[in-house]
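Trainee:
Number of protein chains: 2
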Amino acid sequence: MPPGDFEVRDHALLVAGTRLAEIAAARGTPLFAYDGRLMARRVAALRAVMPDGLHLHYAIKANPMPEVIAHLARLVDGLDVASGGELDRALASQTAPARISFAGPGKTDAELTAAASAGVTVNLESAGEMRRLAAIGAALGRRPRVAVRVNPLFETRQSGMRMGGGAKPFGVDEEQVPALLAELAGLPLDFAGFHIFAGSQVLGGDILIDCLRSTVELALRLAEAAPSPVRYVNLGGGFGIPYFPGETPLDLARVGAALTEMLIPARQALPQAVFAIELGRYLVGEAGVYVSRIVDRKVSRGKTFLVTDGGLHHHLALSGNFGQVIRKNYPVAIDGGIGRAPEETVDVVGCLCTPLDRLGDNVGLPRADVGDLFIVFQSGAYGPSASPGAFLGHAAPVEVFLD
Amino acid sequence: MPPGDFEVRDHALLVAGTRLAEIAAARGTPLFAYDGRLMARRVAALRAVMPDGLHLHYAIKANPMPEVIAHLARLVDGLDVASGGELDRALASQTAPARISFAGPGKTDAELTAAASAGVTVNLESAGEMRRLAAIGAALGRRPRVAVRVNPLFETRQSGMRMGGGAKPFGVDEEQVPALLAELAGLPLDFAGFHIFAGSQVLGGDILIDCLRSTVELALRLAEAAPSPVRYVNLGGGFGIPYFPGETPLDLARVGAALTEMLIPARQALPQAVFAIELGRYLVGEAGVYVSRIVDRKVSRGKTFLVTDGGLHHHLALSGNFGQVIRKNYPVAIDGGIGRAPEETVDVVGCLCTPLDRLGDNVGLPRADVGDLFIVFQSGAYGPSASPGAFLGHAAPVEVFLD
Chain A
7 MPPGDFEVRD HALLVAGTRL AEIAAARGTP LFAYDGRLMA RRVAALRAVM
57 PDGLHLHYAI KANPMPEVIA HLARLVDGLD VASGGELDRA LASQTAPARI
107 SFAGPGKTDA ELTAAASAGV TVNLESAGEM RRLAAIGAAL GRRPRVAVRV
157 NPLFETRQSG MRMGGGAKPF GVDEEQVPAL LAELAGLPLD FAGFHIFAGS
207 QVLGGDILID CLRSTVELAL RLAEAAPSPV RYVNLGGGFG IPYFPGETPL
257 DLARVGAALT EMLIPARQAL PQAVFAIELG RYLVGEAGVY VSRIVDRKVS
307 RGKTFLVTDG GLHHHLALSG NFGQVIRKNY PVAIDGGIGR APEETVDVVG
357 CLCTPLDRLG DNVGLPRADV GDLFIVFQSG AYGPSASPGA FLGHAAPVEV
407 FLD
Chain B
7 MPPGDFEVRD HALLVAGTRL AEIAAARGTP LFAYDGRLMA RRVAALRAVM
57 PDGLHLHYAI KANPMPEVIA HLARLVDGLD VASGGELDRA LASQTAPARI
107 SFAGPGKTDA ELTAAASAGV TVNLESAGEM RRLAAIGAAL GRRPRVAVRV
157 NPLFETRQSG MRMGGGAKPF GVDEEQVPAL LAELAGLPLD FAGFHIFAGS
207 QVLGGDILID CLRSTVELAL RLAEAAPSPV RYVNLGGGFG IPYFPGETPL
257 DLARVGAALT EMLIPARQAL PQAVFAIELG RYLVGEAGVY VSRIVDRKVS
307 RGKTFLVTDG GLHHHLALSG NFGQVIRKNY PVAIDGGIGR APEETVDVVG
357 CLCTPLDRLG DNVGLPRADV GDLFIVFQSG AYGPSASPGA FLGHAAPVEV
407 FLD
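Protein chains in written order, with the working numbering: chain A, 7 to 409; chain B, 7 to 409.
1. Buried or exposed, going by whether 16 or more other CB atoms sit within 10 Å of the CB of A:Gln274?
2. Is the beta carbon of A:Gly329 closer than 7 Å to that of B:Leu362?
3. Do A:Pro35 and A:Arg299 have their CB atoms nearer than 7 Å?
4. Our contact map puts A:Val156 next to A:Glu135 with C-beta atoms below 8 Å; I'd like the distance itself, whole angstroms only.
5. Closer than 7 Å, CB to CB, is A:Asp179 near chain B or not?
6. Are any of the Cβ atoms in chain B nearer than 7 Å to that of A:Lys174?
7. Check whether the region 351-361 of chain B and the region 307-319 of chain B touch, using three or more Cβ-Cβ pairs below 8 Å as the test.
8. Can you give me, in chain order, the residues of the region 215-240 of chain B that have a beta carbon less than 8 Å from any beta carbon in chain A?
9. Under 7 Å, do A:Val222 and A:Gly199 count as touching if we go by C-beta distance?
10. Please report whether the beta-carbon of A:Val295 lies at a distance below 7 Å from any beta-carbon of chain B.
11. From what residue to what residue does the alpha helix (DSSP H) around B:Ala229 run?
12. Return the first residue and the last residue of the beta strand (DSSP E) that A:Tyr238 is part of.
13. Return helix, strand or coil for B:Lys113, following the three-state DSSP convention.
14. So B:Ser393 contacts chain A; which residues on that side make the cut at Cβ distance below 9 Å?
15. Spell out whether any CB of chain B is found under 7 Å from the CB atom of A:Thr114.
16. With a CB to CB cut of under 6 Å and the five nearest residues on each side skipped, what residues in its chain are close to B:Lys334?
17. What does the alpha-carbon distance come out to for the pair B:Pro372 and B:Ala31?
18. For the region 81-93 of chain B, which residues have a beta carbon sitting closer than 7 Å to at least one beta carbon of chain A?
19. Are the Cβ atoms of B:Ala124 and B:Leu193 separated by less than 7 Å?
20. Assuming A:Leu62 and A:Ile283 are in contact, meaning their beta carbons sit under 8 Å apart, how far apart are those beta carbons, in whole angstroms?
21. Pair every Cβ in the region 266-273 of chain B with every Cβ in the region 64-81 of chain B, then say whether three or more of these pairs are closer than 8 Å.
22. At a cut-off of 6 Å, would you count B:Lys304 as near the ligand GTP, judging by its Cβ distance to the nearest heavy atom?
23. Can you grab the Cα-Cα spacing for the pair B:Gly143 / B:Leu37, in whole Å?
24. To the nearest angstrom, how far is it from the Cα of A:Thr119 to the Cα of A:Ala96?
25. Please specify which runs of the beta strand (DSSP E), each continuous and at least 3 residues long, are wholly inside the region 338-404 of chain B, giving them in chain order.
26. At what residue ranges does the region 128-189 of chain B contain a whole run of the beta strand (DSSP E), taking only runs of 3 or more?
27. When DSSP labels each residue in this structure, what does B:Met7 get in the three-state scheme?
28. On the three-state DSSP scale, how would you describe B:Ser107?
29. Going by alpha carbons, who is nearest to B:Arg346 out of B:Ala18, B:Ala98 and B:Phe12?
30. State the start and end residues of the unbroken beta strand (DSSP E) segment that holds A:His61.
31. If you run the structure through DSSP and keep just helix, strand and coil, what is A:Ile300?
32. Would you mind working out which of B:Gly366, B:Gly343, B:Tyr238 and B:Gly205 sits nearest B:Asp353, comparing C-alpha positions?
33. I need the DSSP call for B:Glu267, collapsed to helix, strand or coil.
34. Using a cut-off of 8 Å between C-beta atoms, extract the partners of B:Ser99 located in chain A.
35. With 8 Å as the limit, tell me which residues of the region 360-374 of chain A have their beta carbon closer than that to any beta carbon of chain B; keep them in chain order.
36. Measure from the alpha carbon of A:Gln207 to the alpha carbon of each residue in A:Thr351, A:Glu189 and A:Pro255, then state which is nearest.
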């Protein structure tokens with residue numbers, strides 16, 4: 007069975023009700039197919055267990071395809087962007103600027119100008135950035151809305167990617183925040199609140215709950231130094247999805263119940279504050295597949311290789327070359343053979359002339375031949391936008407959004 | 007001093023005689039600047055020590071900027087491509103099709119058709135590919151020129167990236183080659199010779215010489231099974247450049263002398279054969295710099311961070327996230343401070359909202375501030391084309407070729 011909630015009929019995959027083989031025949035391969043219904047289902051699952059009134063944000067870096075942004079913009083309460091380019095895409099989705107926030111440690115003057123002009127919330131990463139933004143706002147005759155991004159002292163245990171704790175280029179060290187807020191009070195900036203993002207890709211419910219608790223407590227402590235009532239607290243995200251054998255989905259109900267409890271006193275302390283969580287991968291990662299077509303089948307010294315027309319130029323994380331120390335297999339299948347017993351153990355590689363281009367190592371699959379479709383699940387986030395698309399001069403993948 | 011042969015004046019970098027600061031002011035940052043004079047000097051250094059008549063090929067995957075391809079096409083004897091897209095670029099450089107060869111384990115029918123139509127040499131990766139190409143050639147009424155890519159039994163010790171030995175998706179196992187040649191003899195294909203590529207990024211002269219010797223010997227052995235006289239032997243490449251502390255440049259003179267000696271008997275055995283080596287990184291890697299501008303300077307818990315407008319979306323290998331297990335620092339400098347004594351130890355990071363975006367860890371630099379240019383050397387190969395350019399929606403880097 008495929009992971010997630012994709013529908014399978016006669017051992018073949020359906021994407022939002024349409025057979026993958028039809029999509030591939032009509033649109034070509036390699037392709038990414040995204041199922042908008044699964045994204046909506048994920049948002050609904052969050053709404054069902056998260057505290058009433060908690061804002062859900064979509065961090066568009068996870069999948070910046072315009073159709074995906076537009077779809078999620080209708081379902082969530084805000085969008086988070088990480089560059090001027092993403093800001094343009096967020097504004098193009100008709101999302102109100104007040105519902106967009108912009109984080110990133112190296113914002114240029116041009117990006118700060120665009121953000122101030124549009125009226126989005128800028129998550130301040132440093133005192134220097136705060137001063138540059140204040141000057142830009144003054145020149146524009148505007149009072150930019152800001153949140154202070156905080157680098158907490160606590161670390162998130164077992165986070166896939168730690169972004170808090172220790173010396174970090176992200177945000178302002180929590181111990182420096184009161185001094186920064188004192189300076190901010192004298193600048194022509196509209197202080198809204200805090201952005202505290204401690205990690206990502208966390209699968210352990212207890213760890214995530216600890217992290218959220220530390221984050222809420224920190225926001226309450228820092229609020230005491232705020233120049234005006236806190237209206238906005240972005241608690242970050244970090245909700246992980248299972249990629250590899252042995253990983254299990256996050257226990258969302260437990261996380262939701264714990265957060266609901268935490269927010270009761272927090273809302274009493276900060277009655278004007280909207281609390282938000284920021285999710286990227288968790289909203290889209292399990293709603294997408296990467297599909298390539300087998301172009302060669304060969305045996306080298308006893309090992310069978312399936313060579314596809316895809317590769318790491320479309321899906322770098324799949325090849326194990328984007329921040330991973332050891333490559334692990336994503337869940338994969340042969341279309342038409344989903345759920346059938348494995349008949350052979352093969353290596354699946356992409357079309358690139360490099361040994362890095364591995365799509366599956368020693369995977370058990372039903373017999374597959376030239377022309378068959380090779381499916382990689384858990385591919386809705388950090389696919390083409392996080393891959394070296396121009397590598398070796400191959401064509402970009404097709405991206406298909408279906409709902 | 008910068009590595010390689012870049013000229014420095016008043017502690018500032020010149021690229022082909024022009025001050026980097028001027029280029030950056032005129033063209034913007036982040037940018038890659040490539041020095042065509044250094045590429046020409048490298049080709050001349052090879053010609054000076056390599057055997058007379060040895061063909062030098064440029065593997066355009068290393069840097070597919072059209073100006074770089076056009077420049078090198080005038081200096082070398084052939085171009086090697088790895089996709090239909092690269093084939094288009096090679097043909098656009100006015101290089102004669104007979105001087106272009108096409109390798110890659112997952113060539114599609116469309117790519118084989120384009121190669122056969124253009125008349126370039128196809129490096130065959132498998133029996134299946136051979137049969138597909140023969141059928142495509144027959145349908146076109148052409149007899150495609152082919153070389154058999156061989157997966158040798160020997161391995162290249164200490165290669166940066168092994169592409170021969172063991173079970174591999176690249177080429178045809180050497181022990182299967184005689185049977186493949188017997189089948190090839192009956193197909194409408196024009197057999198030219200062999201392509202044997204055993205590794206890349208080799209810095210040890212002895213290792214490279216051993217590899218070339220094994221390669222020449224293998225070509226001679228396989229030639230005995232050839233259906234017609236061998237006219238072409240591509241010995242591969244593998245010539246490395248120093249990136250990291252402690253690495254020293256390849257001893258080119260020794261390699262050239264050894265190869266000259268090897269080719270004397272080889273040419274007697276294969277009198278019709280042209281021998282070629284295929285170089286990518288070695289021709290362009292040291293002729294390029296990656297330049298970003300510092301946009302923030304901040305201290306977090308005792309550590310000073312310089313944040314630039316660049317990042318791994320332009321230069322993935324620099325961040326240590328493209329096939330490397332451990333990140334090491336490239337040689338770097340502050341423009342205007344080249345050759346000055348270090349004044350502080352800093353971490354240099356890019357503008358991306360991810361802890362993977364590291365440009366320099368604990369590097370000693372003269373004091374640098376917002377607005378200064380941060381230079382990364384050894385950046386002429388596998389830069390933008392090998393990086394996730396769309397990651398987080400930032401703009402593409404400027405690329406400048408100067409000669």
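Just so you know, even glycine gets a beta-carbon here, dropped at the ideal spot from N, CA and C.
Mentor: This is what the structure holds:
1. Counting Cβ neighbours within 10 Å, A:Gln274 comes out exposed, since fewer than 16 surround it.
2. yes
3. For the sequence presented, residue 35 of chain A should be read as Thr rather than Pro. Yes; because the gap between Cβ atoms is below 7 Å, this pair is in contact.
4. Incorrect: roughly 14 Å between the Cβ atoms, too far for contact.
5. Between A:Asp179 and chain B, the shortest Cβ-Cβ separation is below 7 Å.
6. Closer than 7 Å to some Cβ of chain B, the Cβ of A:Lys174 qualifies, so yes.
7. yes
8. none
9. No, they are not a contact pair.
10. no
11. Per DSSP, B:Ala229 belongs to the alpha helix (DSSP H) from Gly211 to Ala229.
12. Following the DSSP letters along the chain, one finds A:Tyr238 inside the beta strand (DSSP E) bounded by residues Tyr238 to Asn240.
13. coil
14. Pro394, Ala396 and Phe397
15. yes
16. Within the same chain, B:Lys334 has close Cβ partners Phe250.
17. 22 Å
18. Ala88, Ser89, Gly91 and Glu92
19. no
20. 6 Å
21. With a cut-off of 8 Å, the region 64-81 of chain B and the region 266-273 of chain B do not count as touching, because too few Cβ pairs lie within range.
22. The model on display carries no ligand, and the ligand GTP is accordingly not part of it.
23. 43 Å
24. 16 Å
25. 338-340, 350-355, 364-371 and 379-382
26. As far as the region 128-189 of chain B is concerned, its whole beta strand (DSSP E) runs of at least 3 residues are 151-157.
27. Bear in mind that a pLDDT of 47 at B:Met7, under 50, signals an unreliable position, so the number given afterwards is only what the model happens to contain. In the structure shown, B:Met7 sits in coil (DSSP, three-state: anything other than H, G, I, E or B).
28. strand
29. B:Ala18
30. His61 to Ala65
31. strand
32. Per the Cα distances, B:Gly366.
33. helix
34. In chain order: nothing, as chain A lies at least about 13 Å away.
35. Residues Thr360, Pro361 and Leu362.
36. A:Pro255
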